[in-house]
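In the working numbering, the protein residues as written are 305 to 683. In what follows, a structure is listed as structure tokens, so that the remarks can point back to it.
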């Protein structure tokens, strides 16, 4: 059963049918959520983690944040039962035979440290492959604590937890999406499932809001990095892999971990538009074509724009200043390029000619005083 009405989203209820054989995703229930345009703040590649759970008898809590889609092997069994790609707790029981069911408020929980603190715009609780062993309902709360608190510190009585998703029924073998309407900055989430069961994945989409004091202490840093508040706003093509990969930490290990476009058969070119960490001055860039050997972009050019002047980043003809003319790129290589005379900017666009792949983009520079003030005013 599908139920609409979650303020801009779609909820699913009830179990899915038993696994019929063949493609396990053939009867998977999903919907498109507008909030998925925001990055996943709980991406393990950003440093997110599931730091504690009340119970993980059947399947480990760490599976919740695996970047890849959940997989299902119908023949995989272990000493504790069916091997599942997700987080699954044991079945709760009541006090005695006369009251065999758990009380209404009983539940299991998991504590999630976000890879990047931020304002949450939406949550996906994915119960893929949990067809009749999913929770009846779920709830999500957020908290903001400095540093790297332990599970005990997060569970202390004086910690303020803000409801993000009220207790809501969910469906089995489905992507249960919940838009979130809050402007607060959070560092941790608490996922509760009532009364027990299995959840395959948790995705937490939102606006990155890193600690401005940390960025100020760094001075010069990567202004495009997702972990520093950079974000991909739009791109011409996402055919083989998404452009947000280009601002993830570390180097890519294979082609699918970068940004790669399809082969162009026209006379155009591809591009990505980034919103930088704040009002800033870029000084140097790294364009990494790692793992792209026969399909790297041929040339790349860079332009910047200052949206505080009223210029519209969506308009490719207004307000953009080219700071790097089209430059030849080599395959599977890191290109380090100094920039001179770059004006203050809030956005950067990379134009690649004619198509191909870029693994990572690093934009080294520092915030202006206006940029620092802007971050301090963030939620």
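Every residue gets a Cβ at the ideal spot worked out from N, C-alpha and C, and that includes glycine.
Under 6 Å: does the beta carbon of residue 680 sit that close to some heavy atom of the ligand MG?
Only the bare structure without any ligand can be found here, which leaves the ligand MG out of the picture.
Sequence ranges, beta strand (DSSP E) only - wholly within the region 400 to 471, length at least 3
412 to 430 and 441 to 447
Counting only runs that start and end within the region 469 to 536, where is the beta strand (DSSP E) found for 3 or more residues in a row?
479 to 483, 490 to 498 and 505 to 512
Residue 391 - partner residues in DSSP beta bridges
Start at 1 with the first residue of the chain shown, and residue 391 comes out as number 87. Answer is 503.
Kindly give me the distance between the Cβ atoms of residue 652 and residue 529, rounded to whole angstroms, as I take these residues to be in contact under 8 Å.
Residue 652 sits at position 348 when you count from the first residue of the chain shown. Residue 529 sits at position 225 when you count from the first residue of the chain shown. Actually they do not touch by this definition, with Cβ atoms about 12 Å apart.
Can you grab the Cα-Cα spacing for the pair residue 431 / residue 440, in whole Å?
Counted from its first residue, the chain shown places residue 431 at position 127. Counted from its first residue, the chain shown places residue 440 at position 136. Computed Cα separation, rounded: 11 Å.
Comparing alpha-carbon positions, which option in 654, 624, 321 and 646 lies nearest residue 630?
Here residue 630 is taken as the residue at index 326 of the chain shown, counted from 1. Nearest option by C-alpha distance: 654.
Less than 8 Å between the CB atoms is what I'm expecting for residue 595 and residue 556, so what's the real figure, rounded?
On the chain shown, residue 595 is found 291 positions in, with the first residue counted as 1. On the chain shown, residue 556 is found 252 positions in, with the first residue counted as 1. Between residue 556 and residue 595 the Cβ distance is about 5 Å, and since that is below 8 Å, they are a contact.
Mapping the DSSP letters down to three states, classify residue 631 as helix, strand or coil.
The residue you call residue 631 lines up with position 327 of the chain shown. Looking at residue 631 - three-state DSSP - the assignment turns out to be strand.
If you follow the alpha helix (DSSP H) that residue 642 is in, where does it begin and where does it stop?
Taking the chain shown and counting its residues from 1, one reaches residue 642 at position 338. No alpha helix (DSSP H) holds residue 642; the beta strand (DSSP E) holding it covers 638 to 642.
Less than 8 Å between C-beta atoms, sequence neighbours within five positions excluded: which residues of the same chain meet that for residue 566?
Here residue 566 corresponds to residue number 262 of the chain shown, with the count starting at 1. Taken in chain order, the residues that qualify are 541, 543, 544 and 659.
Is the region 318 to 338 touching the region 395 to 415, taking contact as three or more C-beta pairs under 8 Å?
no
Does the region 624 to 638 come into contact with the region 513 to 528, if we say contact requires no fewer than three beta-carbon pairs (one atom in each stretch) closer than 8 Å?
no
Considering only residues of the same chain and omitting the five flanking positions on each side of residue 674, which have a CB-CB separation below 6 Å?
Within the chain shown, the letter at position 370 stands for residue 674. 583, listed in sequence order.
Opposing strand residues paired with residue 590 [DSSP bridges]
Here residue 590 refers to the residue found at position 286 of the chain shown. Answer is 640 and 666.
Is residue 475 closer than 7 Å to residue 316 when the C-beta atoms are compared?
Sequence index remark: in the chain shown, residue 316 carries index 12 (1-based). Sequence index remark: in the chain shown, residue 475 carries index 171 (1-based). For residue 316 and residue 475, yes; Cβs fall inside 7 Å.
Would you kindly work out how many angstroms separate the C-alpha atoms of residue 351 and residue 420, rounded to a whole number?
Here residue 351 refers to the residue found at position 47 when the chain shown is read from its first residue. Here residue 420 refers to the residue found at position 116 when the chain shown is read from its first residue. So the two alpha carbons sit approximately 8 Å from each other.
Endpoints, beta strand (DSSP E) assigned at residue 333
By 1-based counting over the chain shown, the position of residue 333 is 29. Where residue 333 is concerned, there is no enclosing beta strand (DSSP E), given that its DSSP letter is neither H nor E.
Euclidean distance between Cα positions of residue 605 and residue 656
Taking the first residue of the chain shown as 1, we reach residue 605 at position 301. Taking the first residue of the chain shown as 1, we reach residue 656 at position 352. Their backbone Cα atoms lie some 7 Å apart in a straight line.
Is residue 402 buried or exposed, if buried means 16 or more other CB atoms sit within 10 Å of its CB?
Translated into positions along the chain shown, residue 402 becomes position 98. Its Cβ having fewer than 16 others within 10 Å, residue 402 is exposed.
What would DSSP say about residue 316, mapped onto helix, strand or coil?
Along the chain shown, read from residue 1 onward, the residue named residue 316 stands at position 12. Looking at residue 316 - three-state DSSP - the assignment turns out to be strand.
Of the residues 649, 496 and 455, the one placed nearest residue 669, counting alpha carbons only:
Along the chain shown, read from residue 1 onward, the residue named residue 669 stands at position 365. Nearest option by C-alpha distance: 649.
For the region 498 to 508 and the region 359 to 377, state whether three or more C-beta atom pairs, one from each stretch, are separated by less than 8 Å.
yes
Between which two residues does the beta strand (DSSP E) containing residue 353 stretch?
Numbered from 1 along the chain shown, position 49 holds the residue referred to as residue 353. 353 to 357 is the span of the beta strand (DSSP E), which, as asked, contains residue 353.
Cβ pair residue 356, residue 418 closer than 7 Å:
Here residue 356 refers to the residue found at position 52 of the chain shown. Here residue 418 refers to the residue found at position 114 of the chain shown. No; because the gap between Cβ atoms is not below 7 Å, this pair is not in contact.
How long is the line joining the alpha carbons of residue 601 and residue 359, rounded to whole angstroms?
As a first step, residue 601 is located in the chain shown; it is residue number 297 there, counting from the start. As a first step, residue 359 is located in the chain shown; it is residue number 55 there, counting from the start. So the alpha carbons of these two residues sit roughly 48 Å apart.
Alpha-carbon spacing of residue 342 relative to residue 422, whole angstroms:
Along the chain shown, read from residue 1 onward, the residue named residue 342 stands at position 38. Along the chain shown, read from residue 1 onward, the residue named residue 422 stands at position 118. Taking the straight line from one Cα to the other gives about 11 Å.
Between 612, 463, 638 and 361, which has its C-alpha nearest residue 386's C-alpha?
Taking the first residue of the chain shown as 1, we reach residue 386 at position 82. It is 361 whose Cα lies nearest to the Cα of residue 386.
Can the beta-carbon of residue 398 be found closer than 7 Å to that of residue 437?
On the chain shown, position 94 is the one that residue 398 refers to. On the chain shown, position 133 is the one that residue 437 refers to. No, the pair does not count as a contact, with Cβ atoms beyond the cut-off.
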